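Take a look at the structure set out below.
Residue numbers (the working numbering), protein chains in the order written: chain A, 1 to 130; chain B, 131 to 225.
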């Protein structure tokens, strides 16, 4: 994802949207997270959530800017984004690419192909978005 | 004499009951602690897994949103990129 960000950041707005935890300690905890000591309980307040998001975005040394979904999971719900998912939104505000739900449907290479195709079809000069 | 042995039995029974209760509480609803650590436990409660209806389609208008950045300094509105740049959204969490 990091590579994708570096390659396209000048032409594409790229954001990580931090949504509710998939495998919190008080939910469906998985072994891999225990081994890597990635153990959190599901945040109950926006402050807690933003604290975990901060850890997430800095620990993974993400240079992609991070946004935090509200505790109401409004954006998560609207995009059926949980547990992880990729979307591309065109200049006209319409959905260009919708990845499958993760982890199986989370395919950065597929998204990159869609992004490349979109940029080829809609070069920046004709930014009116159809 | 008989009365005190009755009391003793009652106290022992109560003690045992408390012990069993606390062990059960520790194990929690999702199988034993060991199962959970191994990641083989099933999700403890189905309602904790959100099932959001997946209704968006390619070509539809993307629902607009305005969210805070992680440093809390800025808000970003999806529609602010309209007519300017496409947007790649990477949804995810830490765990």
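We put the beta carbon where it would ideally sit given N, CA and C, even for glycine. Just so you know, these numbers come straight off a predicted model, no measurement behind them.
- Excluding its 5 nearest sequence neighbours in each direction, residue 195(B) has C-beta neighbours in its own chain below 8 Å: 207 and 208, listed in chain order.
- In the DSSP assignment, residue 2(A) falls within the alpha helix (DSSP H) that extends over 2-8.
- Between the segment 89-97 of chain A and the segment 27-43 of chain A there are fewer than three C-beta pairs closer than 8 Å, too few to call the two in contact.
- Contact between residue 73(A) and residue 106(A) is absent: CB atoms are separated by about 19 Å, not below the 8 Å threshold.
- With a 10 Å radius around the Cβ and a threshold of 16 neighbouring Cβ atoms, residue 135(B) comes out exposed.
- By the Cβ neighbour-count rule, residue 112(A) is buried, with 16 or more other Cβ atoms within 10 Å of its own.
- By the Cβ-count criterion, residue 2(A) is exposed, with fewer than 16 other Cβ atoms from all chains shown falling within 10 Å of its own Cβ.
- Taking a Cβ-Cβ threshold of 8 Å, none of the residues of chain A is close to residue 139(B); the smallest such distance is about 39 Å.
- For residue 69(A), the nearest beta carbon of chain B is closer than 8 Å to its own beta carbon.
- DSSP places residue 205(B) within a strand segment (E or B) once states are collapsed to three.
- One thing to note: residue 215(B) has its Cβ within 8 Å of the Cβ of residue 13(A).
- Partner residues in the beta bridge of residue 86(A), as assigned by DSSP, are 220(B).
- By alpha-carbon distance to residue 15(A), the top candidate from 218(B), 223(B), 222(B) and 225(B) is 218(B).
- For residue 198(B), DSSP records a beta bridge to 68(A) and 205(B).
- With distances taken between CA atoms, residue 193(B) lies nearest to 78(A) out of 78(A), 20(A), 67(A) and 19(A).
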